[in-house]
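The sequence shown finishes on residue 337 if you use the working numbering, and the numbering steps up by one all the way, no holes.
Every residue gets a Cβ at the ideal spot worked out from N, C-alpha and C, and that includes glycine.
Reading through the structure tokens given below for one structure.
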Amino acid sequence: MDALSLPGTLDALDDIRAFVTSAADGLELDKRRVYRLVLAVDEIATNIIVHGYQESNTSGEIRVEADVENGSLAITLIDDAPAYDPLQHPDPDNLDAPLADRQIGGLGVFLAHQNVDEFRYAYVDDQNRNTFVVHLQNSEKSS
195 MDALSLPGTL DALDDIRAFV TSAADGLELD KRRVYRLVLA VDEIATNIIV HGYQESNTSG
255 EIRVEADVEN GSLAITLIDD APAYDPLQHP DPDNLDAPLA DRQIGGLGVF LAHQNVDEFR
315 YAYVDDQNRN TFVVHLQNSE KSS
């Protein structure tokens, strides 16, 4: 397993994206699937930093782990921000509405879920654990 620990600041996002891209390098994932994985991780990492750390006036780290097993790549974000389960976040109900009619924001969690094969959340030892899984073989969400 590869891992990287970074300060929970917006400046860390470039390094997080590079780490995820590097973890996917050489695996059976086309560029589109890698892009979608990076997008999903970036959305949740941004939420951790902005809503978890900045809005609660706390600081902390984000640990990024990459693991390949059972024909899948799993990327896990681990943070010490206040507990937040993105799986409890409701999907937007106005996806078909014109952009001008929609509220700004609120799509990040939805995009994260839609761009990976599996998304898991756990709160363990006072830490949030968001895990993004992409299967190395073709799957329903791989297109």
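Judged by DSSP secondary structure, Leu231 falls outside any beta strand (DSSP E) and instead within the alpha helix (DSSP H) spanning Lys225 to Asn241.
With a contact defined as Cβ atoms closer than 8 Å, Leu233 and Leu330 miss out at about 18 Å. By the C-beta density criterion, Tyr247 is buried, having at least 16 other C-beta atoms within 10 angstroms.
The Cβ atoms of Val310 and Arg230 lie closer than 9 Å to each other.
Here Thr270 is buried. Its C-beta has 16 or more other C-beta atoms within 10 Å. Between Ile256 and Asn264, the alpha-carbon positions lie close to 25 Å from each other.
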